[in-house]
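In what follows, a structure is listed as structure tokens, so that the remarks can point back to it.
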Amino acid sequence: MFDNLLISLLIIPIILIFFIVSYQLRQGKWLMLIAGYNMITSEERAKLDSQKIAKESSTMMFWAAIYCVFIYLFMLFPIKFLVNYQWLLFTIFIVPTAILIYYTVQHVKKTNRYFNEKLKK
């Protein structure tokens, strides 16, 4: 009982923060939270498509929040019979984690190319 309360007190605020940041980025606000965006000059920022950057960052934050919800629910309601099926546990945790990591790496590569192309012009 106490474990569930502690998990809830730690994870729920993080999930809420992720969703709030995702929403604010989608609205085009809080762009300074994006790594590297606050380090470039105003002239360089004018060259960039801020809405595109905000939308992509918002999507990443949204999926991170969904992933946290998934992990939270799995921790809150453990499936006891799955202990005997370790391959299924492996699949439930590792596959979504691998997909999230792959998507993040692809997003970083794409964003890096975009920044380099726009700032060179």
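Residue numbers (numbering that gives the first Met the number 0): 0 to 120.
Using N, Cα and C, we set each Cβ at its ideal position, and we do this for glycine too.
### Task
Report back the beta-carbon spacing between I33 and S56 to the nearest angstrom; my notes put them in contact at under 8 Å.
Within the sequence shown, numbered from 1, the residue matching residue 33 stands at position 34. Within the sequence shown, numbered from 1, the residue matching residue 56 stands at position 57. Indeed, because the Cβ distance is near 5 Å, the residues count as touching under 8 Å.
### Message
Under 8 Å: do the stretch 40-47 and the stretch 84-103 share three or more Cβ pairs, one atom per stretch?
### Response
no
### Task
To the nearest angstrom, report how far apart F69 and Y22 are at their CA atoms.
Position 70 of the sequence shown holds residue 69. Position 23 of the sequence shown holds residue 22. For F69 and Y22, the distance between alpha carbons rounds to 19 Å.
### Query
Short check: CB of M60 to CB of L9, under 8 Å?
Counted from its first residue, the sequence shown places residue 60 at position 61. Counted from its first residue, the sequence shown places residue 9 at position 10. Their beta carbons are not under 8 Å apart, which means M60 does not touch L9 by this criterion.
### Query
Between which two residues does the alpha helix (DSSP H) carrying K54 extend?
What you label residue 54 is simply residue 55 of the sequence shown in a count that begins at 1. Run containing K54: 49-75, per the alpha helix (DSSP H) assignment.
### Query
Between F18 and A64, is the Cβ-Cβ spacing less than 8 Å?
Your numbering for residue 18 matches position 19 in the sequence shown. Your numbering for residue 64 matches position 65 in the sequence shown. It is a contact, given that the beta carbons lie within the stated cut-off.
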